[in-house]
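Using the numbering used here, the first residue of the sequence shown is number 32, and each one after it goes up by one.
Notes for the one structure printed next.
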Amino acid sequence: MDLPINPGLLLALIVVVIGILIIAKGLVIVRQSEVMVIERLGSFNRLLESGINIIIPFIEQPRAITMIRYQKRGEEFFPVTTSEVRIDRRETVMDFPGQPVVTTDNVTVRINGALYFQIIDPRRSVYEVENMSQAVEVLAKTTLRSVVGKMELDKLFESRAEVNNEIQAAMEEPASKWGVKISRVEVQDIAMPEEVEEAMRLQMAAERKRRATVTEAEGEKAAAIAKAQGQRESAILNAQGDKESAILRAQGEQESIKLVLSAIGDSDEHKRTVVGYLLGQSYIKALPTMAQEGERVFVPYESSALLGSMGMFREMAGSPEDSVAQHLRGGERQSGLRGGIVGGAGNAS
Numbered sequence: 032m033d034l035p036i037n038p039g040l041l042l043a044l045i046v047v048v049i050g051i052l053i054i055a056k057g058l059v060i061v062r063q064s065e066v067m068v069i070e071r072l073g074s075f076n077r078l079l080e081s082g083i084n085i086i087i088p089f090i091e092q093p094r095a096i097t098m099i100r101y102q103k104r105g106e107e108f109f110p111v112t113t114s115e116v117r118i119d120r121r122e123t124v125m126d127f128p129g130q131p132v133v134t135t136d137n138v139t140v141r142i143n144g145a146l147y148f149q150i151i152d153p154r155r156s157v158y159e160v161e162n163m164s165q166a167v168e169v170l171a172k173t174t175l176r177s178v179v180g181k182m183e184l185d186k187l188f189e190s191r192a193e194v195n196n197e198i199q200a201a202m203e204e205p206a207s208k209w210g211v212k213i214s215r216v217e218v219q220d221i222a223m224p225e226e227v228e229e230a231m232r233l234q235m236a237a238e239r240k241r242r243a244t245v246t247e248a249e250g251e252k253a254a255a256i257a258k259a260q261g262q263r264e265s266a267i268l269n270a271q272g273d274k275e276s277a278i279l280r281a282q283g284e285q286e287s288i289k290l291v292l293s294a295i296g297d298s299d300e301h302k303r304t305v306v307g308y309l310l311g312q313s314y315i316k317a318l319p320t321m322a323q324e325g326e327r328v329f330v331p332y333e334s335s336a337l338l339g340s341m342g343m344f345r346e347m348a349g350s351p352e353d354s355v356a357q358h359l360r361g362g363e364r365q366s367g368l369r370g371g372i373v374g375g376a377g378n379a380s
């Protein structure tokens with residue numbers, strides 16, 4: 032049994048469906064750190080921030096932004112272009128493929144870089160440049176060539192931080208016109224030709240060998256200086272010891288002479304006798320050394336006379352130490368000793 036269709040009810044249903052579609056189309060939820068550029072009849076109207084937003088369907092439309100991202104497959108990078116109505120305000124990294132760059136010393140190197148940027152003004156990013164991500168990438172590549180082209184290869188390896196800062200400073204002004212902030216630029220890898228890499232390896236080996244040689248020479252120099260200083264200090268100490276020993280021996284001989292003179296008398300004749308005796312002792316001590324230096328020993332005539340007088344001295348009075356002992360024992364024996372010494376001295380002269 033067919034029910035009659037009420038035209039009014041049908042129209043109401045159509046209106047309800049259209050209203051639901053309009054509400055669903057006009058209700059926009061924007062997530063955190065995202066923003067949408069809304070155009071009304073083709074002109075910029077406003078920005079939709081995070082939260083629930085309502086737009087007029089068919090009259091207000093979001094404006095899309097073109098983004099290029101690279102996907103790495105194996106060793107190759109492939110660009111992927113997308114149109115996005117939701118603009119991400121977070122910091123984004125662009126890992127673009129390596130670029131050939133010629134340094135000042137005419138060495139061609141391939142540099143892989145990474146660019147960190149952030150969209151701070153979505154309106155400028157959409158309306159001031161046709162393709163914001165491509166513009167930033169090309170700007171980074173040309174700036175990289177310009178900065179690296181003013182450096183030598185060795186300076187490039189030593190000054191990566193300087194290269195990064197210089198590229199970032201050169202990109203800040205043009206990128207700010209597009210509503211983009213360049214956070215930092217990083218040089219990831221520097222690839223060189225094989226012949227240049229081999230030459231640098233040989234240079235590095237030679238430099239390390241040179242440093243080892245210099246270090247070894249400095250060590251030998253320090254050891255020689257320390258050894259010389261030790262020998263110098265040892266010689267000084269030995270000289271001081273010899274000096275003190277000689278002084279003590281001289282003082283002892285002086286005391287011995289004083290004792291002998293006090294025992295036999297201190298006249299000039301007795302002094303000459305004592306001096307002759309001491310010289311004779313020196314000759315006797317030197318004879319063994321003289322005999323060791325050769326097969327034959329020649330004794331001067333004065334030495335023979337002196338030794339003879341010394342023997343006479345011992346026969347008549349004994350050693351000077353004995354004379355001192357005799358002097359202490361008694362006066363009569365001391366008088367006889369003095370006579371013997373004087374007689375011996377006269378015979379020696």
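From the three backbone atoms N, C-alpha and C, an ideal C-beta is built for every residue, glycine too.
Exercise for the section: List the residues that DSSP assigns as beta-bridge partners of G82. Expected result: Answer by DSSP bridge pairing, in chain order: V61.
Exercise for the section: Using alpha carbons as the reference points, say which of Q102, Q219 and E217 lies closest to T112. Expected result: T112 has its Cα closest to that of Q102, out of Q102, Q219 and E217.
Handout entry: Helix, strand or coil at G367 according to DSSP, with G and I counted as helix
Key = At G367 the pLDDT is 41, less than 50, meaning the model places this residue with poor confidence; the figure from the coordinates comes in the next sentence. If DSSP states are grouped into helix, strand and coil, G367 belongs with the helices.
Handout entry: Other residues of its chain near N162: CB distance less than 6 angstroms, five sequence neighbours each side excluded
Key = Answer for N162: T97, listed in chain order.
Handout entry: Assigned exposure category for G210 - 16 Cβ within 10 Å defines buried
Key = In the assembly as shown, G210 is a buried residue. Its beta-carbon has 16 or more other beta-carbons within 10 Å.
Handout entry: Residues sharing a beta bridge with Q285, DSSP
Key = Note: Q285 sits in no beta bridge, so no partner.
Problem - Extent of the continuous beta strand (DSSP E) to which D185 belongs - result: Where D185 is concerned, there is no enclosing beta strand (DSSP E), although the alpha helix (DSSP H) it sits in stretches over L184 to E189.
Practice task
Compute the Euclidean distance between the alpha carbons of V355 and N269, then round it to the nearest angstrom.
Solution key: Unreliable placement is indicated for V355, whose pLDDT of 42 sits below 50; the coordinate value is still reported in the next sentence. If I take the Cα positions, the gap works out to 35 angstroms.
Exercise for the section: Please determine, among A95, D126, P93 and V116, the residue with the shortest C-alpha to C-alpha distance to E107. Expected result: D126
Practice task
Determine the DSSP secondary structure at D119, reduced to helix, strand or coil.
Solution key: In the three-state DSSP reduction, D119 falls in the strand class (E or B).
Handout entry: E217 - partner residues in DSSP beta bridges
Key = A145
Practice task
Let me know if E275 comes out buried or exposed under the rule of 16 or more other beta-carbons within 10 Å of its beta-carbon.
Solution key: exposed
Problem - Simplified DSSP assignment, three categories, for I90 - result: It is coil, neither helix nor strand.
Exercise for the section: Counting only the same chain and skipping the five closest in sequence on each side, list residues whose C-beta sits under 8 angstroms from that of T135. Expected result: G180, K181, M182 and E183
Handout entry: Sub-9 angstroms separation of E65 and I118 beta-carbons
Key = yes
Practice task
Decide yes or no for the touch test of the segment 189-208 against the segment 225-238: beta carbon pairs closer than 8 angstroms, at least 3 of them.
Solution key: no
Practice task
Might you give, ordered along the chain, the residues of its own chain that have their beta carbon closer than 6 angstroms to the beta carbon of D220, omitting 5 neighbours on each side?
Solution key: Counting only Cβ-Cβ distances below 6 angstroms, and skipping sequence neighbours, we find N143.
Problem - T135 in three-state terms, based on DSSP - result: coil
Handout entry: Close Cβ partners of E80 (< 8 angstroms) along its chain, the five nearest in sequence each way excluded
Key = Same-chain partners within the cutoff: V61 and V66.
Exercise for the section: Can you say whether L44 is buried or exposed, counting buried as having 16 or more other CB atoms within 10 angstroms of its CB? Expected result: exposed
Problem - Inter-residue Cα distance where the pair is S177 and E189 - result: 18 angstroms
Problem - Own chain residues within Cβ distance below 8 angstroms of V132, not counting five before or after - result: These residues qualify, in order along the chain: T139, V140, R141, I142, L175, R176, V179 and G180.
Problem - Length of the line joining the Cα atoms of M343 and Q260 - result: Only weak support is given to the placement of M343: the predicted model assigns it a pLDDT of 47, under 50, and the question is left unresolved by the model.
Handout entry: the segment 148-167 in contact with the segment 201-217 per 3-pair CB rule at 8 angstroms
Key = Short answer: they touch.
Practice task
Find out if the Cβ-Cβ distance for the pair P88, I53 is shorter than 9 angstroms.
Solution key: yes
Problem - Inter-residue spacing [alpha-carbon to alpha-carbon] between S381 and G39 - result: With the chain covering 32 to 380 only, the question about residue 381 has no answer from this structure.
Exercise for the section: Mark P153 as exposed unless 16 or more other C-beta atoms lie within 10 angstroms of its C-beta, in which case mark it buried. Expected result: buried
Practice task
With DSSP as the reference, label K172 as helix, strand or coil.
Solution key: helix
Practice task
Flag this pair as yes or no: are the beta carbons of F75 and I69 separated by less than 9 angstroms?
Solution key: yes
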